[in-house]
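S.K.: One structure coming up, written as structure tokens, with questions to follow.
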Amino acid sequence: MRFRASTALVCLATLVPVSMHAAVPRPVPTERATTRSDMVRIPAGTYRPLYAPPGVTSIHVRAFALDRTPVTRSAFLRFVQANPEWARGSVRSPLADAGYLADWPSAVSAGVAADLERPVTGVSWHAAKAYCRSQGKRLPTIDEWELAAAASETQRNASGDPAFRRRLAALYARRKPGVLRAVGQTSTNLYGVRDLHGVVWEWTSDFNSTVADHSHHAGERVGHAVGRGSTAERHLYCASSAIGATDPTDYPAFARYAVRAGLNARSTVSGVGFRCAAT
Amino acid sequence: MTVAPAVPAPITRKHATKVIVNLDVIEKPMRLADGVEYTMWTFGGVVPGTFMRVREGDVVEMHLKNAANSTAPHNIDLHAVTGPGGGAKSSLTMPGQETVFTFSALNPGLYVYHCATSPVPMHMANGMYGMILVEPKEGLAKVDREYYVMQSEFYTTGAFGEKGLQSLDMQKGIDENPTYVVFNGSVGALTGTGALQAKVGERVRLFVGDAGPNLVSSFHVIGEVFDNVYQEGGTKATQHNVQTTLIPSGGSAIVEFGVETAGELILVDHSIFRAFNKGALGVLNVTGPDNPKVFAAVKGLAAGGAH
Numbered sequence: 578m579r580f581r582a583s584t585a586l587v588c589l590a591t592l593v594p595v596s597m598h599a600a601v602p603r604p605v606p607t608e609r610a611t612t613r614s615d616m617v618r619i620p621a622g623t624y625r626p627l628y629a630p631p632g633v634t635s636i637h638v639r640a641f642a643l644d645r646t647p648v649t650r651s652a653f654l655r656f657v658q659a660n661p662e663w664a665r666g667s668v669r670s671p672l673a674d675a676g677y678l679a680d681w682p683s684a685v686s687a688g689v690a691a692d693l694e695r696p697v698t699g700v701s702w703h704a705a706k707a708y709c710r711s712q713g714k715r716l717p718t719i720d721e722w723e724l725a726a727a728a729s730e731t732q733r734n735a736s737g738d739p740a741f742r743r744r745l746a747a748l749y750a751r752r753k754p755g756v757l758r759a760v761g762q763t764s765t766n767l768y769g770v771r772d773l774h775g776v777v778w779e780w781t782s783d784f785n786s787t788v789a790d791h792s793h794h795a796g797e798r799v800g801h802a803v804g805r806g807s808t809a810e811r812h813l814y815c816a817s818s819a820i821g822a823t824d825p826t827d828y829p830a831f832a833r834y835a836v837r838a839g840l841n842a843r844s845t846v847s848g849v850g851f852r853c854a855a856t
Numbered sequence: 265m266t267v268a269p270a271v272p273a274p275i276t277r278k279h280a281t282k283v284i285v286n287l288d289v290i291e292k293p294m295r296l297a298d299g300v301e302y303t304m305w306t307f308g309g310v311v312p313g314t315f316m317r318v319r320e321g322d323v324v325e326m327h328l329k330n331a332a333n334s335t336a337p338h339n340i341d342l343h344a345v346t347g348p349g350g351g352a353k354s355s356l357t358m359p360g361q362e363t364v365f366t367f368s369a370l371n372p373g374l375y376v377y378h379c380a381t382s383p384v385p386m387h388m389a390n391g392m393y394g395m396i397l398v399e400p401k402e403g404l405a406k407v408d409r410e411y412y413v414m415q416s417e418f419y420t421t422g423a424f425g426e427k428g429l430q431s432l433d434m435q436k437g438i439d440e441n442p443t444y445v446v447f448n449g450s451v452g453a454l455t456g457t458g459a460l461q462a463k464v465g466e467r468v469r470l471f472v473g474d475a476g477p478n479l480v481s482s483f484h485v486i487g488e489v490f491d492n493v494y495q496e497g498g499t500k501a502t503q504h505n506v507q508t509t510l511i512p513s514g515g516s517a518i519v520e521f522g523v524e525t526a527g528e529l530i531l532v533d534h535s536i537f538r539a540f541n542k543g544a545l546g547v548l549n550v551t552g553p554d555n556p557k558v559f560a561a562v563k564g565l566a567a568g569g570a571h
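What follows is the structure, encoded as structure tokens:
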């Protein structure tokens with residue numbers, strides 16, 4: 578019964594982050610944490626999540642800083658060089674599955690010049706988190722990411738704007754299988770952030786807690802919620818995904834939440850990258 | 265498993281067995297019409313997805329593999345499955361991953377399967393559907409030809425026939441206003457060299473599905489009458505001598521008829537603008553001798569006269 582085996586694997590992975598946490602070596606900083614020209618400040622604000630807890634219509638998000646673009650292969654290569662335990666072939670299996678950096682030509686090469694400016698993908702949540710820590714940063718929460726991604730070029734919250742919605746849907750629909758463009762080519766939103774839509778899916782610190790208790794602080798909730806079996810999963814297949822959604826026409830948001838539901842902390846997926854945040 | 269319009273041969277074994285199905289999810293640009301491409305999301309690299317044929321009582325071990333270069337996670341909901349989400353709950357598969365689940369084919373009939381990953385309408389509008397036949401234990405009556413025909417819609421940013429790579433227009437989908445309504449995944453899939461074939465005197469069975477994502481189909485074959493209709497893909501011939509049968513979105517029908525004289529029979533959705541302007545046309549080419557007892561042109565151009 579392979580199905581049972583794979584379920585067990587997922588459950589095992591669920592437990593790993595908690596028990597392994599202390600054993601993960603602290604990454605060597607590769608850049609000074611004070612270098613923040615690559616980040617922009619996102620002022621405090623509110624947004625309406627696709628799935629809100631009962632009685633909640635909007636979520637308040639505190640001010641934070643966010644990378645302007647997704648982390649590139651070249652940046653991740655520097656991280657790997659400074660932290661060889663995160664190189665392909667060296668990374669320990671509880672921290673990343675077999676697809677880790679699989680599209681790199683070798684453990685120490687991220688590809689030709691054109692590849693270096695593409696977003697790094699095929700990295701696990703653990704690896705993304707370690708990278709951000711090495712920069713003196715952290716992964717953004719879902720709330721932070723969604724707040725930043727709700728902005729158009731001219732509006733802080735364009736999520737209800739049908740034209741903005743159509744544009745995002747078209748961006749998602751036009752992605753070509755297997756083709757990632759270089760970072761920084763899509764339009765800059767009001768905050769000065771690029772590539773939140775239509776380039777790669779992005780890790781968040783709490784990717785699997787879609788219907789988590791928002792009274793918790795917006796820190797890392799993954800330790801106790803990684804893997805399948807979170808409340809998110811129940812919403813994200815069949816038409817039932819529309820039940821409880823605050824806006825059933827927000828297809829791009831459905832797509833993002835479905836991706837998050839399909840991940841566990843070891844997952845390495847060719848279309849999933851990340852960017853970092855800071856408080 | 266077979267690619268439309270082909271159907272796997274009838275099952276001859278008299279006992280249940282375990283069937284392992286390997287289904288690859290592949291996203292790739294494919295022809296929607298002449299000069300028109302669309303990045304289809306497919307089961308098995310084809311639209312509609314590959315046709316599966318199992319026997320009532322079989323245990324199916326479904327391996328769903330999502331290609332590494334896919335842009336989205338995918339899963340599968342088979343309407344033949346008794347279980348959570350028709351399998352969808354257990355098969356959410358990220359790019360580069362594989363999931364496996366098993367189900368017992370408890371109910372015989374002709375069933376639609378489709379991707380049910382959120383947002384479902386987007387995955388279905390991009391081509392993620394197919395059919396599985398669960399043959400009843402006693403089998404189906406012998407016929408000479410079996411074909412797989414599946415109707416579906418595409419909602420493109422460009423108008424019908426606009427050249428180039430098209431992509432999903434979400435608003436047209438919500439408005440239920442398709443740009444294309446086609447049989448077997450593209451305009452002309454069942455015409456010209458793709459036309460279905462039969463010979464005079466043969467009996468034909470069509471396994472017809474309607475993927476939607478929105479429209480029901482008024483399925484009709486111009487120049488033929490269905491002898492038997494297994495309404496909604498069930499196991500009983502519920503009606504005889506039928507001109508047009510209604511196929512629900514996310515449903516199916518099995519129709520059977522004999523072809524008694526030569527000529528082209530035209531498959532249409534008899535919501536006829538769809539056939540005329542959106543692509544819902546197919547051909548069944550019947551070859552062999554004319555049968556003037558069945559049909560004869562007596563007077564007029566077709567009769568060779570100058571009247």
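Line by line, the protein sequences are chains R and V.
Heads up: the first sequence runs through residues 578 to 856, numbered per this note's numbering.
Heads up: the second sequence runs through residues 265 to 571, numbered per this note's numbering.
Note that the Cβ used here is the ideal one computed from N, Cα and C, for glycine as well.
These numbers come from a predicted model, not from an experiment.
What are the complete alpha helix (DSSP H) segments, minimum 4 residues, inside the stretch 334-397 of chain V?
M.R.: Listed in chain order, they are 384-389.
S.K.: Is any heavy atom of the ligand NAD found at a distance shorter than 6 Å from the C-beta of Ala727 of chain R?
M.R.: This structure lacks the ligand NAD, and indeed carries no ligand of any kind.
S.K.: What does a CB cutoff of less than 6 Å around Thr646 of chain R pick up in its chain, not counting 5 residues either side in sequence?
M.R.: Excluding sequence neighbours, Thr646 of chain R sits near Val760, Gly761, Arg771 and Asp772.
S.K.: Residues in the same chain with beta-carbon distance under 6 Å from Leu748 of chain R, minus the five sequence neighbours each way, listed in chain order, please.
M.R.: The answer, listed in chain order, is His774 and Gly775.
S.K.: Less than 7 Å between CB atoms is the rule here; does Pro754 of chain R satisfy it with respect to chain V?
M.R.: Judged by the 7 Å Cβ criterion, Pro754 of chain R is in contact with chain V.
S.K.: Reducing DSSP to helix, strand and coil, say where Asp790 of chain R ends up.
M.R.: A caution first: Asp790 of chain R carries a pLDDT of 36, below 50, which makes its placement in the model too unreliable to give a value.
S.K.: Under 7 Å, Cβ to Cβ, is there at least one residue of chain R near Ser382 of chain V?
M.R.: Taking Cβ atoms only, chain R reaches closer than 7 Å to Ser382 of chain V, which makes this a yes.
S.K.: Applying the 10 Å Cβ sphere with the 16-neighbour rule, what's the burial state of Asp720 of chain R?
M.R.: When all chains shown are included, Asp720 of chain R counts as buried.
S.K.: For Ala297 of chain V, which of V:Leu370, V:Val451, V:Ala544 and V:Met304 has the nearest alpha-carbon?
M.R.: For the residues V:Leu370, V:Val451, V:Ala544 and V:Met304, the minimum Cα distance to Ala297 of chain V belongs to V:Val451.
S.K.: Consider the Cβ of Asn333 of chain V: report whether some Cβ of chain R lies at a distance smaller than 7 Å.
M.R.: Chain R, which has a Cβ nearer than 7 Å to the Cβ of Asn333 of chain V, makes this yes.
S.K.: Can you tell me whether Ser792 of chain R is buried or exposed? The criterion is at least 16 other CB atoms within 10 Å of its CB, across all chains shown.
M.R.: Note that Ser792 of chain R has pLDDT 34, beneath the 50 cutoff, so the model's placement of it is unreliable and the number below is only indicative. Answer is exposed; the Cβ neighbour count stays below 16.
S.K.: Let's test the definition: count the other Cβ atoms within 10 Å of the Cβ of Gln507 of chain V and tell me whether it reaches 16, buried, or not, exposed.
M.R.: Gln507 of chain V is exposed by the Cβ-count criterion.
S.K.: I'd like the list of long-range same chain contacts for Arg650 of chain R, defined as Cβ closer than 7 Å, with 5 residues on each side in sequence excluded.
M.R.: Closer than 7 Å at the Cβ level, and outside the excluded window around Arg650 of chain R, lie Ala687, Gly688, Asp692, Leu693, Arg695 and Val697.
S.K.: Output needed for Ala673 of chain R: all residues of its chain with C-beta closer than 7 Å, excluding positions within five of it in sequence on either side, in chain order.
M.R.: If we look at Ala673 of chain R and ignore the five residues flanking it on each side, its Cβ neighbours are Ser701, His703, Ala704, Arg843 and Thr845.
S.K.: Which of the three DSSP states is assigned to Trp305 of chain V in this structure?
M.R.: In the structure shown, Trp305 of chain V sits in a strand (DSSP, three-state: E or B).
S.K.: As a quick exercise: from V:Leu454, V:Thr455 and V:Gln430, pick the residue whose alpha carbon is nearest that of Thr443 of chain V.
M.R.: For Thr443 of chain V, the nearest C-alpha among the options comes from V:Gln430.
S.K.: Distance, Cα to Cα, Phe471 of chain V vs Leu374 of chain V?
M.R.: Each residue's alpha carbon lies about 8 Å from the other.
S.K.: Could you pull the DSSP bridge partners for Trp778 of chain R from this structure?
M.R.: R:Val849.
S.K.: Gly821 of chain R to Leu460 of chain V, Cα distance in whole Å?
M.R.: Computed Cα separation, rounded: 46 Å.
S.K.: Measure from the alpha carbon of Lys753 of chain R to the alpha carbon of each residue in V:Thr276, V:Pro274, V:Thr303 and V:Thr314, then state which is nearest.
M.R.: Closest by alpha carbon: V:Thr303.
S.K.: Within its chain, find whatever has a CB closer than 6 Å to the CB of Val446 of chain V; leave out the 5 residues flanking it on each side and keep chain order.
M.R.: Excluding positions up to five away in sequence, the list reads Gly543.
S.K.: Please determine, among R:Ala832, R:Lys706 and R:Val657, the residue with the shortest C-alpha to C-alpha distance to Val685 of chain R.
M.R.: The option with the nearest alpha carbon to Val685 of chain R is R:Val657.
S.K.: Report the neighbours of Thr826 of chain R on chain V: residues whose CB is nearer than 7 Å to its CB, in chain order.
M.R.: Correct list: Ile438.
S.K.: Give, in chain order, every residue of the stretch 302-317 of chain V whose Cβ lies closer than 8 Å to some Cβ of chain R.
M.R.: The residues in question are Thr303.
S.K.: Assign Pro293 of chain V to one of three DSSP states: helix, strand, or coil.
M.R.: It is a strand residue.
S.K.: Hey, how far is the Cα of Ser354 of chain V from the Cα of Tyr834 of chain R?
M.R.: The alpha-carbon atoms of Ser354 of chain V and Tyr834 of chain R are separated by roughly 17 Å.
S.K.: Kindly give me the distance between the Cβ atoms of Asn339 of chain V and Thr366 of chain V, rounded to whole angstroms, as I take these residues to be in contact under 8 Å.
M.R.: With a Cβ gap of about 15 Å, Asn339 of chain V and Thr366 of chain V do not count as contacting.
S.K.: Taking 7 Å as the CB-CB limit, is Gly676 of chain R close to chain V?
M.R.: At least one chain V Cβ lies under 7 Å of Gly676 of chain R.
S.K.: Quick check: the Cα distance between Val756 of chain R and Pro337 of chain V, rounded to an integer number of angstroms?
M.R.: Near 16 Å, if we compare the C-alpha coordinates of Pro337 of chain V and Val756 of chain R.
S.K.: Would you mind working out which of V:Ala526, V:Thr276 and V:Met265 sits nearest Asn286 of chain V, comparing C-alpha positions?
M.R.: Cα-wise, what sits closest to Asn286 of chain V is V:Met265.
S.K.: With burial defined as no fewer than 16 other Cβ atoms inside 10 Å of the residue's Cβ, what is the status of Leu342 of chain V: buried or exposed?
M.R.: So Leu342 of chain V ends up on the buried side.
S.K.: Check each residue of the stretch 363-379 of chain V: if its Cβ is closer than 9 Å to any Cβ of chain R, include it; give the result in chain order.
M.R.: Flagged, chain order: Thr363, Val364, Phe365 and Thr366.
S.K.: Examine chain V for any beta-carbon lying closer than 7 Å to the beta-carbon of Gly737 of chain R, and answer yes or no.
M.R.: No - not a single Cβ of chain V is within 7 Å of the one on Gly737 of chain R.
S.K.: Give me whichever residues DSSP pairs with Leu432 of chain V in a beta bridge.
M.R.: Its beta-bridge partners are V:Thr420.
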